[in-house]
Every structure is written in C-alpha cells, then in structure tokens.
Amino acid sequence: MKSFGSVQALRGADFVLAPGEVHALLGENGAGKSSLLHVAYGMFPSDQGEVRVDGARVLLHSPADARALHIGMVHQHFTSIAALTVAENIALSAGSHAARQGAFRRVSGGALAPKLRAEELSVALRQRLELLKALAIGPRILLLDEPSAALAPSEIEALLAEVKQFAREGGSVVLVTHKLSEVFAAADRVTVLRQGVTVLHGAAVSSQSAATLAGAMLGASGRGAAAPPRTRSTGGHEVARIDDIVIRSGELIGVAAVEGNGQREMLRGVVGVERPSHFNIRVAPGAIGFIPEDRTTEGLIPELSIIENLLLGRENDVLWSRGGRIDWAAAKRHAIRIIQEFEIQASGPDAPVRTLSGGNQQKLVLARALQARPSILVAENPTRGLDLRATAELHRRLQEAAARGVAVLLYSADLDEVIELGERVLVVYRGRVSEAPVRADRQIVGRLMLGLGT
4 MKSFGSVQAL
14 RGADFVLAPG
24 EVHALLGENG
34 AGKSSLLHVA
44 YGMFPSDQGE
54 VRVDGARVLL
64 HSPADARALH
74 IGMVHQHFTS
84 IAALTVAENI
94 ALSAGSHAAR
104 QGAFRRVSGG
114 ALAPKLRAEE
124 LSVALRQRLE
134 LLKALAIGPR
144 ILLLDEPSAA
154 LAPSEIEALL
164 AEVKQFAREG
174 GSVVLVTHKL
184 SEVFAAADRV
194 TVLRQGVTVL
204 HGAAVSSQSA
214 ATLAGAMLGA
224 SGRGAAAPPR
234 TRSTGGHEVA
244 RIDDIVIRSG
254 ELIGVAAVEG
264 NGQREMLRGV
274 VGVERPSHFN
284 IRVAPGAIGF
294 IPEDRTTEGL
304 IPELSIIENL
314 LLGRENDVLW
324 SRGGRIDWAA
334 AKRHAIRIIQ
344 EFEIQASGPD
354 APVRTLSGGN
364 QQKLVLARAL
374 QARPSILVAE
384 NPTRGLDLRA
394 TAELHRRLQE
404 AAARGVAVLL
414 YSADLDEVIE
424 LGERVLVVYR
434 GRVSEAPVRA
444 DRQIVGRLML
454 GLGT
C-alpha cells in the first residue's frame, strides 16, 4: 500500500516477476503503475507490504539500494541532466568504464554521440539515453516505465527487440505501456492494475486479447470518452500561414513527419518560441496555446503546486491579479474549477504537480493552454504516455476547441492518430512542408513522409 496525502496510489497491488521474462504492467493513468515501480526501485517506501528479490525480503531506502541489487529503471520522465553530455550522464549512473562501454555497445547509435549534451538531443534520443543509463549498471532486472512513449514506430520495434534479447539472456523486464500492440509483440505475461489494485495477476499474454485487456483496465462499465467522428471544417478566417499553406480558424490540422525533419522547428516557429530557419511563418495577432512534447521539463514545474503551474505565464490575468498582486484565494477557486472540469485526480489545488500521474499532468497542461482562449493551439505528441480513456478525452477536447473556432495544429509520432483526427494533414520532410491529398490514407502519407511522393 502507498498513499500520497489523501490519494491512495496502491491499496492491494501484488506483482510477481519471473526470471527471463518480459512482464507487461497495464492500467489506466493513475492506476498505480509508476508508484509500484517507484517502490520497487527504492524511490519511496511502501506504507505496507514488502519487496522480495530472489525470495529474500529487501529494504530499499533509495535507488542506490536498488542498483546495488542490479535493478535498473527507465523513468516515464527524463532524469538526465540537460547541461551534461551523454557520457557524463552515464557516468552518474555507473562509474565503471567497463559498464559504460558495454552500455554504448548495446544500444547507442550514431546520433547518440558521447560528447553531445542531453539538451541537444531530440526527445526520442533522450529516451534512448535513459535506457542506456539503466543498462550501464549491468542490471538483472529492468523496470521500464513507458519507454516507447516518445519513439517512432521503427524505434519502438528496435527497443522491443532489445528488451526481448535482454530477457533471453536471463534478465527480467517489467514493461509499463499503454500500447497493447507492444504487449502482444514483446511480453510473456501481463498484470493489470485498476485504482491501485491488481485485477489481473500474471496471465499469459497468449491467453488474452485486446478486448480482455481493455476490459480489465477499464472495468465492466469502462469505456473511454469517445471522440466524435472526424468532419472536415469549412474553414474560417486566416490565422497563420506556413510558407504557402494557410491555416484557418476552426480547423484541426494533423502534422506528420519522421523525427528530425523539421516539424519541431515549424511548430515552435508558429508558437514563437523558436526562430525558424527553413520556414516562412506569419501568424495573426492573438493568443497561442502550446502543449510541448515534454510536459515535465517544458510544460510544468513539478515541484510547484497545481495553482502555481496554472498561473505560469498568466500572472497578470484579471481573474486573479489585483493591482499587480496575485489574489491567491481567487487563483485557488480557479484551480478548483479546472480540477473539476478536466477531472484531474489530485489531493487538491495545492498538491505538487510531481504527485500527479502522467495523464493528470497532461490534463493540466491542456487546461492551461485552453484557459487563455487561444486562436491557435499547437500540440506536440499530446497523448504520449496516456491511456485509452485519457487519450480519447484529450482527442475530444481538441475537437471541441476546433469547433469553437480554435485552429489546432496536432503533431504526433502516431501516424494513425494524425490521419484519424486531422481534417487536413501537413507533411514535413527535410525542412519543407506540403499538404497531403484530401482523405489520404496511411500509405500515401507514409510515402510523403519518406520523400517518395504519392
């Protein structure tokens, strides 16, 4: 059992990991998956219960205790120090030269050069660095908390191959994921948590289907909030122009690209946080909402409260600003309304954001972006790390924003998500943007992403 204030994260979670297996751990956001891994990694003690390794009870007071038992972990949120190089970050995890060199031989690619600083890496490469750090200690057990959330399909395939090879060599893996395809591709057994309780105990993956696993995660009455079917907007007035492509109010536009082709530069050029070198971007006056790709380093300050995070960048809003000072009582009332409206699971508006699950953190980022009543909303991989229900809810919110006249630009590494939601689909390839044909299918958009034409 484990509680954070009035929020009970774990209240009956049993989990058994066998040698040489990949064991998937599933559940909705807030089900207790990360909390369970954090207990097993010594990040905080359980209130009740025990952890056993090789049958012996162990006391884990810190991650150092876990690493001493050869337990490595890839966290849902990046732990690398941005100003340090790849090599320096690895040295912090494992000091031995042999361990560092073994890690590089195992998973590093040409793009992950030892002298690159972590802040220079794309989100996908930072995720790869997290795995490399975990492998550097020479683990017998790997705890992987959403390791593929920031990866493209080809990178996910390579990651899963690495995970299965680790298990074949005698290691044991706990794989937390929201992607059922990864469970069937890599896992031997599966356990499901719901509201902090184990509801499916180590079942063979071969005995399950997508429907049975979804049912276990969501419960008998659990269905995600269904997004309305996609319809093509007639388009409103022009709010932005990217090269020769016009973006109009009320449109939900999908952006498709292979990592590193310039989509980040383009989207952040629209937001105004970067100066694009490859795109000619003009944006009409008006507020712009932004959901950045990494919510914990760019979207939120985890140590601050929900109230404080909602106020970031909006300190002078008339809702809570009084003569240049913040009316904290008014700000708290606003935060309570946001928590209720967006169904954010938290102990209260004063709760530190770090105590929220990833899905609830993302709801907070979305709520803050929308509360400014933007004319344009830019979303980078907004469903990364979200479960089925939270993903459907976020899709619904984006579509509702477009229906209210907001121009929504949605980039996702999940091409199916882009095609499903986008009334129009823009493709970025080698620093140039083009528009896919109306109702283009996955194959056509995929060819454009690779520069092969239609």
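Here the sequence shown stands for residues 4 to 457, numbered as in our numbering. We put the beta carbon where it would ideally sit given N, CA and C, even for glycine.
By the three-class DSSP mapping on this structure, what secondary structure does residue i have?
{"i": "Ser280", "result": "coil"}
{"i": "Leu216", "result": "helix"}
{"i": "Glu301", "result": "helix"}
{"i": "His26", "result": "strand"}
{"i": "Arg317", "result": "coil"}
{"i": "Glu383", "result": "strand"}
{"i": "Gln51", "result": "coil"}
{"i": "Ile250", "result": "strand"}
{"i": "His204", "result": "strand"}
{"i": "Phe293", "result": "strand"}
{"i": "Val258", "result": "strand"}
{"i": "Met76", "result": "strand"}
{"i": "Ile140", "result": "coil"}
{"i": "Gln11", "result": "strand"}
{"i": "Lys5", "result": "strand"}
{"i": "Leu119", "result": "coil"}
{"i": "Ile84", "result": "coil"}
{"i": "His337", "result": "helix"}
{"i": "Glu268", "result": "helix"}
{"i": "Ala59", "result": "strand"}
{"i": "Val186", "result": "helix"}
{"i": "Asn346", "result": "Strictly speaking, residue 346 in this sequence is Glu, with Asn absent from that position. Residue state, collapsed to three classes: coil."}
{"i": "Val195", "result": "strand"}
Relative to the C-alpha of residue i, which candidate in the options has its C-alpha closest?
{"i": "Gly292", "options": "Ala404, Leu124, Gly361", "result": "Ala404"}
{"i": "Leu63", "options": "His78, His41, Gly327", "result": "His41"}
{"i": "Gln130", "options": "Phe7, Pro48, His80", "result": "His80"}
{"i": "Gly239", "options": "Gly253, Ala332, Gly272", "result": "Gly253"}
{"i": "Leu221", "options": "Gly351, Gln198, Gln211", "result": "Gln198"}
{"i": "Ser360", "options": "Arg120, Leu389, Asp297, Ala406", "result": "Leu389"}
{"i": "Glu383", "options": "Val186, Ile245, Met269", "result": "Met269"}
{"i": "Gln402", "options": "Ile144, Arg267, Glu426, Ala375", "result": "Glu426"}
{"i": "Glu24", "options": "Gly141, Gly45, Val177", "result": "Val177"}
{"i": "Leu255", "options": "Ala34, Leu135, Glu423, Gly75", "result": "Glu423"}
{"i": "Gln168", "options": "Leu145, Ser184, Gly257", "result": "Leu145"}
{"i": "Val274", "options": "Ala338, Gly434, Ala410", "result": "Ala410"}
{"i": "Ala259", "options": "Ala97, Ser49, Leu412, Gln364", "result": "Leu412"}
{"i": "Phe47", "options": "Ala217, His26, Ala12, Val448", "result": "Ala12"}
{"i": "Ile304", "options": "Asp246, Val276, Gln364, Val286", "result": "Gln364"}
{"i": "Gln84", "options": "Ser96, Met76, Ile74", "result": "In the sequence under discussion, the amino acid at residue 84 is Ile, which differs from the Gln named in the question. Per the Cα distances, Ser96."}
{"i": "Ala34", "options": "Ala393, Leu455, Ile447", "result": "Ala393"}
{"i": "Ala290", "options": "Gly316, Pro22, Ser350, Ala127", "result": "Gly316"}
Near residue i, what residues of its chain come up, given a Cβ to Cβ distance below 8 Å and the 5 sequence neighbours on each side ignored?
{"i": "Asp57", "result": "none"}
{"i": "Lys36", "result": "Leu28, Leu29, Gly30, Asp148, Val179, Leu196"}
{"i": "Ile329", "result": "Leu314, Glu318, Trp323"}
{"i": "Asp68", "result": "Gly45, Val61, Leu62"}
Output needed for residue i: all residues of its chain with C-beta closer than 7 Å, excluding positions within five of it in sequence on either side, in chain order.
{"i": "Gln51", "result": "Met4"}
{"i": "Ile248", "result": "Leu429, Val436, Glu438"}
{"i": "Leu72", "result": "Val56, Val61"}
{"i": "Ala443", "result": "Val428"}
{"i": "Leu119", "result": "Thr88, Val89"}
{"i": "Ala372", "result": "Gly292, Phe293, Ile294, Leu380"}
{"i": "Ala470", "result": "What the structure shows of the chain is the stretch from 4 to 457, and residue 470 is not part of that stretch, so it cannot be assessed."}
{"i": "Asp246", "result": "Phe282, Asn283, Val436"}
{"i": "Ala170", "result": "Gly23, Glu24, Val25, Val176"}
Shorter than 8 Å from the beta carbon of residue i to some beta carbon of chain C?
{"i": "Gly454", "result": "Among the chains of the structure shown, chain C does not appear; only one protein chain is present."}
Can you give me the Cβ contacts of residue i inside the same chain, cut-off strictly under 6 Å, excluding the 5 residues immediately before and after it?
{"i": "Val61", "result": "Val54"}
{"i": "Asp353", "result": "Ser308"}
{"i": "Ala152", "result": "Arg387, Gly388"}
{"i": "Phe7", "result": "Thr358"}
{"i": "Ala219", "result": "Val195, Val202, Leu203"}
{"i": "Ile1", "result": "Look at the range of the chain in this structure, 4 to 457, and you will see that residue 1 is not part of it."}
Quick check: the stretch 383-399 against the stretch 309-318, are there 3 or more CB pairs under 8 Å? Counting Cβ pairs under 8 Å, fewer than three are found: no touch.
Whole alpha helix (DSSP H) elements within the stretch 152-179, 4-residue minimum: 156-171
Give the list of continuous alpha helix (DSSP H) stretches no shorter than 4 residues that lie fully inside the stretch 353-439. 361-374, 391-406, 418-424
Does the structure place the stretch 186-206 close enough to the stretch 16-26 that three or more beta carbon pairs sit under 8 Å? Touching, yes.
Three or more beta-carbon pairs under 8 Å between the stretch 273-283 and the stretch 336-348, yes or no? Taking 8 Å as the limit for Cβ pairs, the verdict is that the stretch 336-348 does not touch the stretch 273-283.
Would you check if the stretch 416-431 and the stretch 322-338 touch, i.e. whether three or more CB-CB distances between them fall below 8 Å? no
Report yes or no: do the stretch 288-307 and the stretch 67-84 share at least 3 C-beta pairs separated by less than 8 Å? Note that the stretch 288-307 touches the stretch 67-84; at least 3 beta-carbon pairs, one per stretch, sit closer than 8 Å.
Evaluate contact between the stretch 158-174 and the stretch 117-125, counting only Cβ atoms and requiring at least three cross-stretch pairs below 8 Å. no
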